[in-house]
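First the structure, in the form of structure tokens, and then the observations on it.
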Amino acid sequence: MSSFGELIAALQSVRSVKDKRQAIRGWSKAIQPLLSSLDREAQIYAALAAANLTSFDISHDVLCEHGAIPELLQVAHDSDEPDLVVYGLLALGNLAGSPSTRSAMMNYKVLPAVYSIYTRLAKLGDAGTRKEEARVKVAALFALSNLSGCANHSEMMMNHLNVHEAVWKDLFDPSQRVMAQALE
Numbered sequence: 088m089s090s091f092g093e094l095i096a097a098l099q100s101v102r103s104v105k106d107k108r109q110a111i112r113g114w115s116k117a118i119q120p121l122l123s124s125l126d127r128e129a130q131i132y133a134a135l136a137a138a139n140l141t142s143f144d145i146s147h148d149v150l151c152e153h154g155a156i157p158e159l160l161q162v163a164h165d166s167d168e169p170d171l172v173v174y175g176l177l178a179l180g181n182l183a184g185s186p187s188t189r190s191a192m193m194n195y196k197v198l199p200a201v202y203s204i205y206t207r208l209a210k211l212g213d214a215g216t217r218k219e220e221a222r223v224k225v226a227a228l229f230a231l232s233n234l235s236g237c238a239n240h241s242e243m244m245m246n247h248l249n250v251h252e253a254v255w256k257d258l259f260d261p262s263q264r265v266m267a268q269a270l271e
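Residue numbers for the sequence shown follow the numbering used here, beginning at 88 and rising by one.
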């Protein structure tokens with residue numbers, strides 16, 4: 088698999104938006120199959136590439152059209168590998184920051200899934216260290232923060248899931264990164 092640096096170079100060398108979308112579409116076709124690979128390392132790198140790719144606003148519509156949201160949600164929700172969970176949550180958080188993906192986020196029930204990841208950090212089990220737990224919490228809080236930009240998600244967070252009550256305890260977390268993200 089080529090490096091993400093090559094993707095950035097390719098995107099910078101392309102001038103028109105249409106060509107950039109074509110480049111992103113090609114990458115999304117290369118990344119998405121690897122998200123369900125049996126090779127754990129390939130999955131991790133694919134999730135990392137997806138997280139990086141979603142940092143470009145121009146990619147959000149294309150990735151949404153190509154079904155990235157349910158695949159990223161599955162990676163983040165079903166994995167016991169902290170790196171996969173973190174990268175999946177970061178990608179979902181990046182996508183959640185875009186108004187154009189809000190409808191898809193509602194349809195795929197991303198908010199309840201991200202919240203369940205946040206509340207069940209014990210799934211990391213024996214392999215999970217405090218540092219890994221903090222990384223997952225920060226990524227989940229990032230995704231929740233961006234999801235709150237949607238009025239429907241905000242209402243669901245406050246009135247149905249009581250996210251504010253769960254996040255409140257993280258304002259006093261020993262990890263400064265968790266505390267800072269909880270304040271977002």
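For every residue, glycine included, the Cβ atom is placed at its ideal position computed from N, Cα and C.
All values derive from a computational prediction rather than experimental measurement.
Pair within 8 Å by beta-carbon distance, residue i and residue j
{"i": "Leu231", "j": "Tyr174", "result": "no"}
{"i": "Leu234", "j": "Val201", "result": "yes"}
{"i": "Leu121", "j": "Gln130", "result": "yes"}
{"i": "Arg189", "j": "Ala221", "result": "no"}
{"i": "Ala272", "j": "Leu159", "result": "Any property of residue 272 remains undetermined from this structure, which presents the chain solely from 88 to 271."}
{"i": "Gly236", "j": "Gly184", "result": "yes"}
Nearest-angstrom Cβ-Cβ length linking residue i and residue j, presumed shorter than 8 Å
{"i": "Leu228", "j": "Val197", "result": "The Cβ separation is near 15 Å, so there is no contact."}
{"i": "Val223", "j": "Val172", "result": "5 Å"}
{"i": "Ala191", "j": "Ile156", "result": "5 Å"}
When the options are compared against residue i, the one with the closest alpha-carbon
{"i": "Leu125", "options": "Ser166, Gly180, Met266", "result": "Ser166"}
{"i": "Ile204", "options": "His153, Ala117, Val250", "result": "Val250"}
{"i": "Glu168", "options": "Asp148, Lys116, Glu128", "result": "Glu128"}
{"i": "Ser262", "options": "Tyr195, Asp170, Arg217, Gln119", "result": "Arg217"}
Three-way DSSP call (helix, strand, coil) for residue i in this model
{"i": "Gly180", "result": "helix"}
{"i": "Cys151", "result": "helix"}
{"i": "Pro120", "result": "helix"}
{"i": "Phe143", "result": "coil"}
{"i": "Leu234", "result": "helix"}
{"i": "Tyr174", "result": "helix"}
Contact with chain B by residue i, beta-carbon distance below 8 Å
{"i": "Pro199", "result": "This model lacks chain B altogether; it includes just one protein chain."}
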